[in-house]
Amino acid sequence: MNKKVALSSGSSMAFYFVLYLFSVSTIVCNCQVTEFISIDCGGSGNYTDLKTGLAWISDNGIMNNGKPTIVQNPTGNWMQYQTRRDFPVENKKYCYTVNTKERRRYLVRATFLYGELGDEDAYPKFDLYVDATKWSTVTILDASRVYVKEIIIRAPSSSVDVCICCATTGSPFISTLELRPLNLSMYATDFEDNFFLEVAARVNFGAPSKDVVRYPDDPYDRIWESDLDKRQNYLVGVAPGTIRINTSKNIDVRTREYPPVKVMQTAVVGTEAVLSYRLNLEDFPANARAYAYFAEIEDLEANETRKFKLSLPNVPDYSNAVVNIAENANGSYTLYEPSYMNVTLDFVLSFSFVKTRDSTRGPLLNAIEISKYLKIASKSDAQDVSVLNALRNMSAETDWTKEGGDPCVPARWDWVTCASTAPPRITKIALSGKNLKGQIPPEINNMEQLTELWLDGNFLTGQLPDMSNLVNLKIMHLENNKLNGSLPEYLTSLPNLQELDLQNNSFSGKMPPGLLNGKVHINYEANPGLHKGSRKREHFELVLGISIAVLAVLLVLVLGSLLLHHRRRNMSPQKTEEQGHSLRASTKPSTAYSVSRGWHLTDEGISYYISLSELEEATKFFSKKIGKGSFGTVYYGQMKDGKEVAVKIMADSSSHLTQQFVTEVSLLSRIHHRNLVPLIGYCEEEHQRILVYEYMHNGTLRDHIHGSVNQKKLDWLARLRVAEDAAKGLEYLHTGCNPSIIHRDVKTSNILLDINMRAKVSDFGLSRQAEDDLTHISSVARGTVGYLDPEYYANQQLTEKSDVYSFGVVLLELTSGKKPVSSEDFGSELNIVHWARSLIRKGDVTSVVDPYLIGNAKIESIWRVAEVAIQCVEQRSVSRPRMQEVILAIQEAAKIEKGTDDDTQKLASGTSGYKAQSSRKTLLTSFLEIGSPDVSNGCLLPSAR
1 MNKKVALSSG SSMAFYFVLY LFSVSTIVCN CQVTEFISID CGGSGNYTDL KTGLAWISDN
61 GIMNNGKPTI VQNPTGNWMQ YQTRRDFPVE NKKYCYTVNT KERRRYLVRA TFLYGELGDE
121 DAYPKFDLYV DATKWSTVTI LDASRVYVKE IIIRAPSSSV DVCICCATTG SPFISTLELR
181 PLNLSMYATD FEDNFFLEVA ARVNFGAPSK DVVRYPDDPY DRIWESDLDK RQNYLVGVAP
241 GTIRINTSKN IDVRTREYPP VKVMQTAVVG TEAVLSYRLN LEDFPANARA YAYFAEIEDL
301 EANETRKFKL SLPNVPDYSN AVVNIAENAN GSYTLYEPSY MNVTLDFVLS FSFVKTRDST
361 RGPLLNAIEI SKYLKIASKS DAQDVSVLNA LRNMSAETDW TKEGGDPCVP ARWDWVTCAS
421 TAPPRITKIA LSGKNLKGQI PPEINNMEQL TELWLDGNFL TGQLPDMSNL VNLKIMHLEN
481 NKLNGSLPEY LTSLPNLQEL DLQNNSFSGK MPPGLLNGKV HINYEANPGL HKGSRKREHF
541 ELVLGISIAV LAVLLVLVLG SLLLHHRRRN MSPQKTEEQG HSLRASTKPS TAYSVSRGWH
601 LTDEGISYYI SLSELEEATK FFSKKIGKGS FGTVYYGQMK DGKEVAVKIM ADSSSHLTQQ
661 FVTEVSLLSR IHHRNLVPLI GYCEEEHQRI LVYEYMHNGT LRDHIHGSVN QKKLDWLARL
721 RVAEDAAKGL EYLHTGCNPS IIHRDVKTSN ILLDINMRAK VSDFGLSRQA EDDLTHISSV
781 ARGTVGYLDP EYYANQQLTE KSDVYSFGVV LLELTSGKKP VSSEDFGSEL NIVHWARSLI
841 RKGDVTSVVD PYLIGNAKIE SIWRVAEVAI QCVEQRSVSR PRMQEVILAI QEAAKIEKGT
901 DDDTQKLASG TSGYKAQSSR KTLLTSFLEI GSPDVSNGCL LPSAR
């Protein structure tokens, strides 16, 4: 049956290729398809996909958690995307267990299609795990897009768990889960004992359409994305003169990875001597395994050659390796597959192939494939897990026995506690009243890290097993069971045992004397056959204990009385009077004006009051104007102690602005962060409302971007540092304050620079604490043209994501050097957002960049900031990132610009016999065979083969 499906579905291939395929890979096309696992998550029944001929099964009975949900506006007519399975938003994991053959390699694929947002507040963002290893973070930004996550594993056991966990927004979900066995040595690496391969890109160049290539064209059902679908791969930067070619002839693909013939039958060619592309690699920089696929599919004349090599922009040529496809592959229409087992790649991969001088044809490329090395995390100790599974088997089918995945990672089972070790160890088992039946598993003696064992209130029988190895055990509850036999002597030798409850069982015999020395709190009532020896001795011990306790109480009372009498004699009347003065109310000046209107600042907890006369002296009667704030003029001043200050005077003394003044004072006096301008003091005299801030010597960010042409420009790293500082200040307002605070007027003139050029966010005059509810919505609409959230115009509400939008405009200003609104700069687009968005989505970031930065900054770093800026200014707030995510993006850009990354450096460090490659090196580092890298301490040293 499967063989028929493969033959009929492959009609687009030449018939002789079908014969060839079956002759070299009978296992792949026949037996292997029967091993495919295709789970339709949330589906109602089993069916066969008419497009691929593959059988799909519902996850009903496989997954007992969550609920099936019908997808609104699913993509195309793929049946597996008509539904999804949604899971609760809680700190638990939900795992699918799929059977595998140990040490065989598999492609594991999970897909996610959300559909319309509906009544939800935000699209989902959650984590995806395979066993205990974090596979990826799934972030939904486009409702109609199918997000595909793929990982290549060598199965560590007879099954693997794929788990959804830890949602930060929205409800976690999954659409499909697929398992595809691979053949022979496909995707074998020297590091598979320690690393999985997370697929980052698999691109089919020269594809005839945007459709992907997969089974049956690829017998292993890999998904090859079209280079025409830029949304999926962000493929931009195509060189002029790039053309698409194809052939119907068969291609010999008998190489290590067996790519599909259909993919090799298309290619792109650089007719003007250059092929260049750029794509983003999610979760990079990182160490990667990369393949380039070359097959000569044009008939060259005898005097024609096709030779090319790698070229990187702004980087000297460091490799003399030349690709000659026909020569390297030993003929035309034969695949040449250079592999790069360990190279360091950036978040942005820019690569070019350039024709050599002695070549008559331009460079050619059929496909690329890039995977990130993913360090395999330790699963919980196998001996601990075997005991937990034995305990689960001792109870009837109940919910607590059905928790899947690893007991500890990424979220622990409800009834265990784990230690953060490698591997994780179980420290507590809590199964009180869980209907356990049978004997305590003897393997429990292997759980050396166990500190608490709660098995009370069950139906346990038999004698206590040997638990002498549980040297860390502190608490053991076995009461209310049916245990019998004598108490083993080893209980007296457990060094940390503090509490032992045995009541209401059938234990018998004599109590071990070591349990009666008072070190262990023991309860053994209602065990009729259990005794502890002579009654006379018991009576004597009781009387002695009571006598000692009474004497101790009397001694404490006597000592307490003596100490109290001594303290009273030493306390003089003078000291008492001084203490009374120290507790009196503050002497801060007040005014009838503030009291009559209910705005007196004493109620706000303000402690630093500065008189008007002091401020007049400090500012020389307000003679030096340095700016204009949101509600008044700002003057320079210098206090008597030499401290420089900025003094802001409220221009209007109306009741509304007075309340605004109190709001700002109360906020700033309670908020302290290195990236927020600190409030030094305030004044309210003679109808004046004055705020005193720390003076920021280098003015506003606006001054440095849009100021005098003679002013020194900020370089790119300085701009990134300013952006990161300001983002951290806003992030603190959003998440570090309770309730959170919305700034409302984020702009370059409200980002100030201190003497060290470190940025601080200012001007909370328009700020207000967010409403104390789930929406964190504020109803007062304020802001500045060019920075204001467009969603406000629809709902008249500002949220934390409104600040994110405004900060996105700031990032575009930093990148472009242009003002937010300018008909001169943007023409009919009018504002920076529309102008930058249209260019960046076309892949033309160069036209956005400040000319001063061209040649003085790495374009990959600028790309990272431009992309997160465009995400910040998305029309809908749910599609915008949080400030924490913006900070991470800015930090990534800084690492790219500096050419260093701590994690990458750690991966790249190994034995001294190898030289770490630059983090800028991309697809083709060399064509040389070199030794296998060292993987001690989980580190990979870059290499190629």
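In full-length UniProt numbering, the protein residues as written are 1 to 945. A virtual CB, placed ideally from N, CA and C, is assigned to each residue, including glycine. Bear in mind that the values here come from a model prediction, so they are computed numbers and not experimental data.
Distance, residue j Cα to residue i Cα
i           : j           : result
residue 242 : residue 73  : 36 Å
residue 598 : residue 120 : Note on residue 598: pLDDT 36, under 50, position unreliable in the model; the coordinate value appears next. Going from the Cα of residue 598 to the Cα of residue 120 covers about 41 Å.
residue 39  : residue 98  : 10 Å
residue 873 : residue 266 : 38 Å
residue 342 : residue 154 : 18 Å
residue 157 : residue 442 : 24 Å
residue 621 : residue 632 : 16 Å
residue 380 : residue 725 : 40 Å
residue 798 : residue 138 : 27 Å
residue 184 : residue 431 : 45 Å
residue 785 : residue 237 : 33 Å
residue 407 : residue 166 : 15 Å
residue 950 : residue 857 : Lying outside 1 to 945, the shown extent of the chain, residue 950 is not represented and no answer is given.
residue 161 : residue 41  : 15 Å
residue 816 : residue 109 : 40 Å
residue 486 : residue 502 : 12 Å
residue 996 : residue 114 : Missing from the structure shown is residue 996; the chain here goes from 1 to 945 and no further.
residue 950 : residue 676 : This structure leaves residue 950 out entirely; the chain is present only between 1 and 945.
Supposed contact pair residue j and residue i - C-beta distance, whole angstroms, cut 8 Å
i           : j           : result
residue 295 : residue 335 : 5 Å
residue 644 : residue 695 : 4 Å
residue 275 : residue 353 : 4 Å
residue 680 : residue 665 : Incorrect: roughly 11 Å between the Cβ atoms, too far for contact.
residue 690 : residue 615 : 6 Å
residue 248 : residue 307 : In fact, because the Cβ distance is near 26 Å, the residues do not count as touching under 8 Å.
residue 268 : residue 244 : 6 Å
residue 300 : residue 180 : Not quite, the Cβ-Cβ distance comes to about 36 Å (not below 8 Å), so this is no contact.
From the options, residue whose alpha carbon lies closest to that of residue i
i           : options            : result
residue 628 : 614, 650, 532      : 650
residue 152 : 140, 133, 137      : 133
residue 141 : 875, 688, 343, 898 : 875
residue 735 : 882, 52, 626       : 882
residue 328 : 714, 255, 879, 200 : 255
residue 197 : 66, 136, 211, 842  : 136
residue 701 : 721, 686, 682, 689 : 721
residue 738 : 354, 168, 670      : 670
residue 69  : 104, 703, 116      : 116
residue 840 : 673, 863, 611      : 863
residue 745 : 110, 787, 473      : 787
residue 272 : 293, 127, 240, 54  : 240
residue 446 : 464, 619, 385, 514 : 385
residue 50  : 35, 36, 413, 77    : 77
residue 703 : 729, 759, 727      : 759
Three-way DSSP call (helix, strand, coil) for residue i in this model
i           : result
residue 671 : coil
residue 605 : For residue 605, the predicted model reports a pLDDT of 42, less than 50, meaning its position is unreliable; a value from the coordinates is still stated below. Reduced to three states, the DSSP call for residue 605 is coil.
residue 17  : Legend: pLDDT at residue 17 = 35, less than 50; position of this residue unreliable, value from coordinates given subsequently. Of the three classes helix, strand and coil, the one that applies to residue 17 here is helix, per DSSP.
residue 180 : strand
residue 724 : helix
residue 832 : helix
residue 808 : helix
residue 639 : coil
residue 555 : helix
residue 160 : strand
residue 532 : coil
residue 80  : helix
residue 132 : coil
**Asked** Counting only runs that start and end within the stretch 322-346, where is the alpha helix (DSSP H) found for 4 or more residues in a row?
**Response** Within the stretch 322-346, complete alpha helix (DSSP H) segments of at least 4 residues are found at 325-328, given in chain order.
**Message:** At 3 residues or longer, what runs of the beta strand (DSSP E) sit wholly inside the stretch 85-126?
**Reply:** List check, beta strand (DSSP E) in window: 93-99, 105-112.
**Request:** Identify every run of the alpha helix (DSSP H) within the stretch 370-447, keeping only runs that are complete inside it and at least 4 residues long; order them along the chain.
**Result:** Assignment of alpha helix (DSSP H) within the stretch 370-447, counting only whole runs of 4 or more residues, yields 382-392 in chain order.
**Message:** Extract the residue ranges of the beta strand (DSSP E) inside the stretch 202-256, only unbroken runs of 3 or more that lie entirely within it.
**Reply:** If we require 3 residues or more, the beta strand (DSSP E) runs fully inside the stretch 202-256 come out as 242-246.
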